[in-house]
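S.K.: Protein chains in written order, with the numbering used here: chain A, 1 to 467; chain B, 1 to 467; chain C, 1 to 467; chain D, 1 to 467.
In this text, a Cβ means the ideal position worked out from N, Cα and C, and glycines have one as well.
On a predicted model such as this, the values are computed, not experimentally measured, just so you know.
Please see the structure below; I have some questions.
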């Protein structure tokens with residue numbers, strides 16, 4: 001029996017391939033899908049079926065791309081119209097050699113969400129695993145806010161029923177395989193357990209022991225951010241996204257070309273580290289460090305204007321490209337040949353921004369000319385505490401709240417580590433702020449250096465995800 | 001939380017790396033251990049502890065090699081003296097960030113065997129996983145025959161107690177992580193489930209529902225093969241094997257050098273396919289196809305004479321080298337530069353052997369000049385049935401029973417697919433048999449072509465693994 | 001200064017990338033062209049120009065594919081209409097930073113052939129290198145037969161003039177960079193020197209010291225084979241071939257699917273070694289060993305029916321795919337999942353063919369039932385000698401001469417090593433011959449084993465390339 | 001014929017492998033020598049001989065490492081004692097299949113320097129190539145200063161004779177293969193031609209047309225830097241360096257461990273970009289950007305204390321390790337796990353330094369508080385010009401001249417691009433300077449932005465390489 005979890009790094013998306021008897025089935029494939037055909041090849045198996053547990057919001061689904069070279073059938077929940085594939089209904093079973101997948105309709109996160117129960121009929125009628133999509137995660141359950149505020153209560157009720165009628169009655173021993181892991185934007189608080197079971201979730205996942213009313217209240221009042229690109233994902237994933245298969249190849253741009261692109265519409269993303277950004281950068285670029293791309297590009301990049309990358313040494317850009325492709329940014333166009341050095345070797349103007357360490361901030365905390373801006377997730381601010389006197393605007397909402405920030409002060413932005421702070425600094429700079437400092441280490445460093453975080457509620461400028 | 005299963009391909013050995021809070025622990029590492037440091041590097045973790053669940057018999061343990069670049073502490077069961085590391089006892093706990101590993105002494109397979117219980121104390125006191133070493137597998141339990149026939153009953157009793165007192169009382173929801181998967185020589189009948197749980201094993205693993213007496217009887221009468229290289233593994237793994245770390249590099253030998261090596265003592269292994277061996281080969285070589293290396297080299301290769309590989313196109317020999325290193329064959333020396341073609345371009349004498357398809361055999365089955373030799377595992381012969389009139393000697397025991405084979409007949413060797421049949425054919429040729437045919441497809445092909453397999457007991461020449 | 005020769009392995013096609021000052025130019029790129037963008041990226045250069053020295057016959061040109069991601073301009077000789085790019089004329093110069101490329105019109109091999117002279121104007125007006133396309137090779141000159149028999153004399157005269165008026169007058173110190181190396185089908189006798197100079201060629205290349213009349217006579221009477229796929233190449237390369245860029249991904253076929261494809265039109269290519277083919281194969285397949293693909297597929301594969309590969313272990317098929325793509329076989333479709341073993345595990349009928357070593361043939365050479373068939377290039381036969389009594393038909397012309405081969409004899413095919421012999425054996429088998437033996441080692445092995453090769457002219461059945 | 005140039009990137013060291021008839025010879029191999037065995041394997045050749053053209057000063061020779069897996073014979077010039085290998089003399093010849101290598105004794109750069117003449121005897125007695133070691137480069141000749149000031153004249157005379165008696169008399173058409181390319185510290189002004197010929201050098205290499213007296217004067221007055229590590233290289237390469245073969249594996253260090261190492265003796269090298277260094281760094285580290293490692297580590301690192309790397313994202317550190325190994329820094333020990341972010345997440349103190357763009361400097365050039373320090377090679381300063389008012393100390397000599405730098409001014413360091421400036425800034429910081437700014441873009445950027453460079457001789461503080 002082939003069973004492998006394929007994780008899309010940083011995006012925290014899980015897909016799975018299972019197989020037996022020369023046949024394989026893929027669940028929730030990603031768009032750069034050669035990984036699945038490679039595994040099947042290694043195992044001398046043919047991929048014959050592809051399941052989408054739901055129309056995902058956080059990445060472009062890969063079933064159509066994977067169907068092309070394999071000829072596999074695409075299957076998804078039947079309660080919503082898709083522009084491709086075949087709808088499946090509660091109780092339908094599909095065999096993979098001696099294995100069997102049974103469809104459980106588990107609406108809630110979306111209306112057409114399904115789970116898949118895996119049995120090995122050759123040894124038992126008990127299920128071995130359940131693929132829960134976005135219904136049940138390790139330590140969390142799916143979001144119910146994405147269909148809109150007016151649908152939220154109903155979605156939460158449906159999810160409660162799906163969990164309690166379909167999933168939790170499974171044997172404690174059933175291994176749970178969700179579509180996302182820790183760090184995903186598809187859950188507020190997904191645990192970092194790589195594998196879990198129904199029994200372990202029953203004991204440890206607090207949401208599962210709530211009454212229906214409590215559960216629905218909790219889900220209705222939950223504050224979660226929705227990156228703007230979700231809208232595009234839903235559209236593409238319902239209609240059937242454009243086919244790629246191979247990764248696109250980036251075009252090398254000279255500084256001169258970058259400059260002329262800047263006169264048109266171009267989106268330059270500086271994927272260097274926060275220190276490198278601070279030490280010097282092309283004016284007006286967006287600072288999203290390499291590993292933050294999948295989580296933050298969706299807030300600030302559009303799908304029309306060409307995207308150009310700036311790195312220090314242009315190392316492993318092929319991997320960076322994957323992140324763009326997975327989120328549907330087929331407008332990823334190129335990179336600055338020679339890296340940022342090519343820019344400064346032209347004698348071009350550069351911008352710098354400041355960096356502070358926690359002791360630097362501690363020393364200046366009471367300076368009235370200093371305005372501390374916390375750009376973390378509001379939940380982290382409330383749960384982990386905040387730096388006394390700091391103000392809060394979530395990094396993803398910074399542009400909408402830009403006028404709330406004083407122009408005559410030194411703005412010290414911080415997040416939890418120093419990366420999102422650099423993104424925030426780049427946005428502030430774009431909006432004309434020139435006296436911006438990023439706190440390297442963020443609240444983690446602050447805490448490690450034994451400076452206090454305040455936990456009492458204090459009202460500050462705040463862009464919480466839900467009203 | 002980092003959790004990753006690292007499988008040594010073909011050997012079906014599982015090792016694990018778990019980590020949290022910047023620290024990682026490796027369980028049962030293999031000797032070519034860069035895979036673990038690479039994962040730790042990717043996760044920005046330091047490997048600080050290495051556990052050996054028991055002194056493995058089927059491969060060279062990697063803890064000493066892994067301790068070198070990491071400085072990690074080596075831990076193993078305390079009930080036997082090791083030449084390295086520190087003994088641990090029942091109930092000792094080791095933390096890995098918020099995770100905790102608790103030692104369970106689970107003797108039976110070996111006296112010093114331990115299991116490790118993984119808890120995430122930040123969420124629950126319930127265990128999440130148990131690393132069972134060679135005590136419990138998916139669908140099987142550990143061997144109890146390796147300490148010798150006189151110890152077998154006692155070992156089986158100990159294993160029963162370990163299972164029933166220590167492992168099975170764990171919650172059904174506990175995920176079971178054994179040291180071996182399907183295909184391993186460390187179990188007779190390990191299932192191919194990649195993951196399983198205590199609850200699922202209780203329902204599906206027939207050995208767990210036996211009474212103590214039944215269990216011990218079953219284990220005592222179980223017929224398992226023990227490859228001769230196990231003796232070396234036990235010795236090395238107790239004393240502490242020699243350090244490698246990097247893979248050795250093979251030396252290119254010209255046909256002329258191969259010829260002169262043949263005058264001394266050399267072990268030439270033809271890793272080509274059965275058809276390629278049949279179509280022409282260097283006289284006297286051992287035919288072990290590439291993917292059969294880890295399972296069969298240990299029957300026929302010694303640890304002294306240099307080992308030289310013969311391939312068709314010398315593709316990916318680096319990977320083949322891993323198999324030798326994992327089994328301690330540091331006498332792997334080189335390969336025939338230019339592949340087998342380099343041999344025949346010298347105009348050298350070659351040997352050929354025959355191949356038959358199932359229809360060919362069916363047509364000649366009643367020919368008194370044909371002697372069919374089944375070289376499969378005796379258990380497969382008895383459970384799956386055999387070709388009418390065939391004789392049985394296990395491929396690993398062929399040399400010891402060589403005189404039982406008639407010299408004046410056409411010997412048609414077969415296994416289940418055609419690969420081990422080629423190994424058998426090469427051994428027969430080495431012992432002077434010239435009229436040997438390998439049944440391509442073996443019993444699988446025979447069956448697929450709708451020829452009958454007999455299941456009634458019929459006494460034939462047979463080399464079963466236990467008297 | 002960037003200068004790199006990129007060789008398409010086995011095809012013996014050379015392309016070049018040169019660059020300076022942030023710009024690069026590619027000469028005669030191949031179709032799988034990421035290699036050039038990778039080099040440019042490494043050097044922080046942009047590819048701005050692509051030259052085609054002539055419309056190649058032996059591979060699909062890559063300029064259009066390379067122009068896509070780079071935006072580079074395509075340039076070629078102006079004396080023929082192309083469906084793309086811009087024509088260039090004698091004396092035009094193109095700068096690459098301080099470097100300069102000057103066009104020399106050097107017709108002969110084709111009418112629009114150009115050479116490119118490289119100068120580094122910052123140090124000298126003397127040329128450093130000359131890119132000669134198919135005009136001048138190390139030890140040979142371009143073919144003049146491809147435009148048809150009636151054009152041959154004229155083409156040879158033009159080539160003589162191009163060589164003696166344009167190329168040979170260059171300083172002795174000029175490094176010569178031709179479009180092909182040893183083994184190419186674009187020259188009869190290209191030397192295996194990786195680099196050469198005008199001076200060295202003048203001394204060592206016998207064709208260059210001939211008078212015009214001698215030269216033309218030699219070229220007109222030269223016997224060269226023209227693989228049928230050349231016709232397609234000429235057509236594509238003139239019109240502009242279809243774009244790929246990324247390699248296609250092969251589809252995994254089960255034995256059952258292969259079988260059903262066989263009922264339709266499919267081209268199955270067995271890329272295993274000659275011994276593996278001999279030891280057992282799917283009836284009716286074409287045997288072209290992995291490394292013979294680029295040189296022999298063009299004789300026997302068409303551009304319509306899907307092509308499916310059969311290997312032993314499916315190792316590195318991605319590389320094999322390149323060979324098909326380079327020759328325009330975009331109908332490469334898939335491979336037998338599980339390799340040939342998957343076939344025989346179905347109990348399917350297999351074919352075998354014989355293999356002999358030189359001593360085997362020597363022993364049977366006088367047997368009147370044995371008919372020895374030499375399938376080498378006629379020039380090799382005549383220059384290196386032949387086995388007494390052997391008959392000759394070139395492997396590429398075997399189908400057209402199939403009726404010249406006796407059906408009632410044992411056919412012993414041989415080439416120089418044993419690979420092309422296997423291809424010949426597979427063609428004979430396809431045409432109903434059942435008693436075919438391939439001489440492993442061919443004339444090389446025959447010679448190495450000290451058996452005689454005859455050099456006197458003896459008239460035999462012979463398919464020489466030109467009438 | 002196999003001919004391949006293997007370049008050690010950045011170090012600009014060339015080695016060569018040539019082969020024919022199943023045998024290969026390597027000339028001047030580097031220490032991480034698997035590249036040669038891989039090529040030989042691909043070509044089905046055995047490496048049987050290794051030549052050292054001279055005992056190199058700029059890297060650890062690889063002949064002993066390469067001899068181990070190949071069994072090849074090591075050969076070097078006979079005029080000096082080596083601790084390994086066999087001395088060869090003028091006129092000795094060595095065949096490689098049909099090829100022949102003839103030894104030319106060409107002392108000058110070192111006393112035992114040899115060149116190797118390559119002939120293909122099957123086609124001509126004229127040489128095809130000459131491997132000139134450090135006697136003749138493209139556009140330059142070998143250094144004659146390394147044996148000490150008192151030997152310099154004699155060495156220059158010997159080199160003149162070697163060039164004019166042995167090398168230049170070769171045919172113009174002979175291809176020249178030197179041991180170094182552009183950028184090497186083994187020549188002052190090596191051209192970036194990848195290939196050249198005797199004829200082309202005669203025309204373009206100005207040193208070759210000088211009279212003996214002129215040549216010797218020029219060589220004796222030539223100003224070249226000698227990195228301190230040369231001393232170690234000469235010692236190792238004469239005695240026979242310690243064997244490695246495989247690359248060492250780096251150990252992951254936590255910030256805590258780094259801190260404790262800092263209390264002992266450790267050499268921390270920050271391989272990030274100049275901007276990243278400027279934006280924040282561990283106090284006291286050495287800033288050598290990734291691609292500057294081979295050229296500058298030898299000035300500032302010792303061979304005893306462990307070396308630890310700091311990167312942004314720990315990308316491709318394996319490649320960085322090669323640079324250390326090639327220069328004999330086997331004390332390369334590890335890297336900061338998690339990159340520099342791991343440091344600042346601990347809330348640790350960080351240092352920053354300034355960056356200026358050319359316009360920033362232009363604006364402040366007349367500020368008396370600004371002290372501009374040019375750290376380029378003195379020859380670049382004199383040939384390319386300098387920024388008005390700047391002072392000069394070569395980056396490699398900065399520590400010895402540290403007291404010449406005013407402590408009360410803002411020090412603006414610059415090189416030609418901005419990288420060596422960062423190294424200089426890190427050294428200044430180590431010596432207590434806190435007000436240091438690195439000019440991003442250096443003189444290249446300054447020039448590109450149209451600011452003037454002065455070329456008249458102006459006396460400044462200057463550490464020229466020779467008195």
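Do residue 468 of chain C and residue 337 of chain C have their C-beta atoms closer together than 7 Å?
M.R.: Here chain C comprises residues numbered 1 to 467, so residue 468 of chain C is not present and cannot be evaluated.
S.K.: Is there contact here, the stretch 63-78 of chain B with the stretch 235-247 of chain D, by at least three beta-carbon pairs under 8 Å?
M.R.: No, the stretch 63-78 of chain B is not in contact with the stretch 235-247 of chain D.
S.K.: If contact means a Cβ-Cβ distance below 7 Å, which residues of the stretch 295-326 of chain B contact chain D?
M.R.: Cβ contacts with chain D come from 314.
S.K.: Quick one: give me the first and last residue of the beta strand (DSSP E) that residue 129 of chain A is part of.
M.R.: Counted from its first residue, the first chain places residue 129 of chain A at position 129. First-last of the beta strand (DSSP E) with residue 129 of chain A: 127-133.
S.K.: Please list, in chain order, the residues of the stretch 99-130 of chain C that have any C-beta partner in chain D closer than 8 Å.
M.R.: So the close ones are 120, 123, 124, 126, 128, 129.
S.K.: Ordered along the chain, which non-local residues of its own chain (more than five positions away) have a Cβ less than 6 Å from that of residue 10 of chain A?
M.R.: Taking the first residue of the first chain as position 1, residue 10 of chain A is located at position 10. Closer than 6 Å at Cβ, skipping near neighbours: 291, 294.
S.K.: Taking only beta-carbon positions, decide if residue 21 of chain B is within less than 7 Å of chain D.
M.R.: Taking the first residue of the second chain as position 1, residue 21 of chain B is located at position 21. Chain D contact via Cβ: absent.
S.K.: Helix, strand or coil: which one does DSSP assign to residue 14 of chain B?
M.R.: Numbered from 1 along the second chain, position 14 holds the residue referred to as residue 14 of chain B. Strand at residue 14 of chain B.
S.K.: The beta strand (DSSP E) with residue 356 of chain B in it runs from where to where?
M.R.: On the second chain, residue 356 of chain B is found 356 positions in, with the first residue counted as 1. First-last of the beta strand (DSSP E) with residue 356 of chain B: 354-356.
S.K.: May I have the straight-line CA-CA distance separating residue 87 of chain A from residue 191 of chain A, to the nearest angstrom?
M.R.: The residue labelled residue 87 of chain A in the question sits at position 87 within the first chain. The residue labelled residue 191 of chain A in the question sits at position 191 within the first chain. Approximately 31 Å between the Cα atoms of the pair.
S.K.: Would you please verify whether the beta carbon of residue 401 of chain A is less than 7 Å from any beta carbon of chain G?
M.R.: The structure shown has no chain G; the protein chains it does contain are A, B, C and D.
S.K.: Leaving out five residues before and five after residue 407 of chain B in sequence, what residues of the same chain have Cβ atoms less than 8 Å from its Cβ?
M.R.: Residue 407 of chain B sits at position 407 when you count from the first residue of the second chain. Answer for residue 407 of chain B: 432, 433, listed in chain order.
S.K.: How many Å lie between residue 377 of chain C and residue 42 of chain D at the Cα?
M.R.: Taking the first residue of the third chain as position 1, residue 377 of chain C is located at position 377. Taking the first residue of the fourth chain as position 1, residue 42 of chain D is located at position 42. Cα to Cα, residue 377 of chain C sits roughly 26 Å from residue 42 of chain D.
S.K.: Which first and last residues belong to the alpha helix (DSSP H) in which residue 219 of chain B is found?
M.R.: Start at 1 with the first residue of the second chain, and residue 219 of chain B comes out as number 219. Here the alpha helix (DSSP H) through residue 219 of chain B covers 212-221.
S.K.: Let's test the definition: count the other Cβ atoms within 10 Å of the Cβ of residue 37 of chain B and tell me whether it reaches 16, buried, or not, exposed.
M.R.: Translated into the one-based positions of the second chain, residue 37 of chain B becomes position 37. Classification for residue 37 of chain B: buried.
S.K.: Is there contact between the stretch 225-239 of chain A and the stretch 196-206 of chain A, where contact requires at least three CB pairs shorter than 8 Å?
M.R.: No, they do not touch.
S.K.: For residue 38 of chain D, report the span of its alpha helix (DSSP H) as first-last.
M.R.: Residue 38 of chain D sits at position 38 when you count from the first residue of the fourth chain. Looking at the DSSP string, the run of the alpha helix (DSSP H) that includes residue 38 of chain D is 34-42.
S.K.: Please determine, among A:316, A:380, A:200, the residue with the shortest C-alpha to C-alpha distance to residue 174 of chain B.
M.R.: Numbered from its first residue, the second chain carries residue 174 of chain B at position 174. Answer by Cα proximity: A:200.
S.K.: What do you reckon, are the CB atoms on residue 396 of chain B and residue 225 of chain B nearer than 7 Å?
M.R.: The residue you call residue 396 of chain B lines up with position 396 of the second chain. The residue you call residue 225 of chain B lines up with position 225 of the second chain. Going by C-beta atoms, residue 396 of chain B is nearer than 7 Å to residue 225 of chain B.
S.K.: CA-CA distance, residue 187 of chain D and residue 13 of chain D?
M.R.: For the purposes of this step, residue 187 of chain D is identified with residue 187 of the fourth chain, where counting begins at 1. For the purposes of this step, residue 13 of chain D is identified with residue 13 of the fourth chain, where counting begins at 1. In a straight line, the C-alpha of residue 187 of chain D is about 11 Å away from that of residue 13 of chain D.
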